[in-house]
Structures are given as structure tokens and as C-alpha cells.
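To start, the structure itself, in C-alpha cells.
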């Protein structure tokens, strides 16, 4: 089976190794269904939180939407304004310009997504080696019992 380029999440570097079904429908064309969509999005979110470079605007937006936060909600958490959040997200491929706010946002998302252990891990990683940059490796995901990074 071929990998599936999972553009539906809003990121252009996510590929599914399995965990999806492609069907042809005479009325609607190609239909794609996914196993455990909430689990898939949670795995993408955790992968983004652990990435060693600054989040891009598209990654920031994915995490915000995954946590069901509005731009206004995020602005309140970061003591910022909606225009700044919108500007970061609009610059899809560029790293978020405010690194302290991006680091705090990761901690907020980690608290929502993974609880205390993920918050602690995320903060330790931020303290040690999150580098500015635009490196965006391909994220290959596989589904056996749960979604995880493909081997």
C-alpha cells in the first residue's frame, strides 16, 4: 500500500504509512477514511511538541485547533493579541517570531494534550535545545493498535 499524504490536517509534511482506506465512489470520486482520527491528531500534536526547532505558523495553527482554542483564547494565554496570533499562523512556513510566546504555547498545549508528564518533558526540552530554524522533517505515522511514528 502506498503512503497517504495527509494534507487534511493543514500540514504538508505528514504522511500515513497505514491506518487509512481509499475507496472510489461513482458519485463522489475518491473517498478516504482514517482509523482513530482523534488518536492520529493527538500523535501529530505530541510529535510537534517534541520537535527541536521553533514551530511554524502552520504547526502553531494545528496545535491551536487540536486543543479547540480560538485565536482569542491563545492570545489571552500568551498575554498577546489576536492580530499577533493570526499573523504567526498566516506565515505558514515561517517560524513563529516570538520565541518566548511559542515556548509558553507549547507548555499550554502540553498541559491540555498530555497532562503533567508531557508538560515537564516539553519544558525540559525547551530549556535544553529548541533551536530557531525552519527544519521540518517528514512525519511518517503508522497505525497498528494506536497511532505512532513509523519505524
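In the working numbering, the protein residues as written are 7 to 157. Just so it is clear, CB atoms sit at the ideal spot from N, CA and C, and this is done for glycine as well.
Per DSSP, which residues does residue 35 bridge with? Please list them. Counting from 1 along the chain shown, the entry for residue 35 is found at position 29. Paired residue(s): 31.
So the candidates are 8, 23 and 55; which of them puts its Cα closest to the Cα of residue 114? For the purposes of this step, residue 114 is identified with residue 108 of the chain shown, where counting begins at 1. Comparing Cα-Cα distances from residue 114 to each of 8, 23 and 55, the minimum goes to 55.
Return the CA-CA distance between residue 24 and residue 30, expressed in angstroms with no decimal places. Mapped onto the chain shown, residue 24 falls at position 18. Mapped onto the chain shown, residue 30 falls at position 24. Straight-line Cα distance between these residues: approximately 18 angstroms.
Are the beta-carbon atoms belonging to residue 66 and residue 102 less than 8 angstroms from one another? Counting from 1 along the chain shown, the entry for residue 66 is found at position 60. Counting from 1 along the chain shown, the entry for residue 102 is found at position 96. Result yes, Cβ atoms of residue 66 and residue 102 sit closer than 8 angstroms.
Check whether the Cβ atoms of residue 147 and residue 22 lie closer than 8 angstroms to each other. Taking the first residue of the chain shown as position 1, residue 147 is located at position 141. Taking the first residue of the chain shown as position 1, residue 22 is located at position 16. Yes, Cβ-Cβ distance for residue 147 and residue 22 is below 8 angstroms.
Span of the beta strand (DSSP E) holding residue 90? Counted from its first residue, the chain shown places residue 90 at position 84. Careful: residue 90 lies outside any beta strand (DSSP E), inside the alpha helix (DSSP H) at 88-96.
Should residue 27 go down as buried or exposed, given a rule of 16 or more other Cβ atoms within 10 Å for buried? Within the chain shown, the letter at position 21 stands for residue 27. Of the residues assessed, residue 27 falls on the exposed side of the cut-off, its CB having fewer than 16 other CB atoms within 10 angstroms.
Among the residues of its own chain, which have a CB less than 6 angstroms from the CB of residue 37, if the five just before and after it don't count? For this step, residue 37 is matched to residue 31 along the chain shown. Closer than 6 angstroms at the Cβ level, and outside the excluded window around residue 37, lie 29 and 31.
Buried/exposed call for residue 62, threshold 16 Cβ in 10 Å: Here the question's residue 62 lines up with position 56 in the chain shown. The residue in question, residue 62, is buried, as its Cβ has 16 or more Cβ neighbours within 10 Å.
By Cβ distance, which residues of its chain are closer than 7 angstroms to residue 40, with the 5 residues on each side in sequence left out? Counting from 1 along the chain shown, the entry for residue 40 is found at position 34. So the list reads 25, 26 and 46, once near-sequence residues are dropped.
Could you spell out the range, first to last residue, of the beta strand (DSSP E) harbouring residue 61? The count along the chain shown starts at 1 and reaches residue 61 at position 55. Counting along the chain, residue 61 falls outside any beta strand (DSSP E), and DSSP gives it neither H nor E.
How far does the alpha helix (DSSP H) with residue 79 in it reach, from first residue to last? The residue given as residue 79 occupies position 73 in the chain shown. Residues 77-84.
Can you tell me whether residue 13 is buried or exposed, with buried defined as 16 or more other CB within 10 angstroms of its CB? Numbered from its first residue, the chain shown carries residue 13 at position 7. Residue 13 should be labelled exposed.
So residue 84 and residue 107 are supposed to be a Cβ contact under 8 angstroms. How far apart are they, rounded? The residue labelled residue 84 in the question sits at position 78 within the chain shown. The residue labelled residue 107 in the question sits at position 101 within the chain shown. The C-beta distance from residue 84 to residue 107 rounds to 5 angstroms, short enough to meet the 8 angstroms contact threshold.
Rounded to a whole number of angstroms, what is the C-alpha to C-alpha distance between residue 143 and residue 9? As a position in the chain shown, residue 143 is number 137, starting the count at 1. As a position in the chain shown, residue 9 is number 3, starting the count at 1. Answer to the nearest angstrom: the Cα atoms are 16 angstroms apart.
In DSSP terms, what residue 101 is bridged to: For the purposes of this step, residue 101 is taken as residue 95 along the chain shown, with counting starting at 1. Listed as beta-bridge partners of residue 101 by DSSP are 62.
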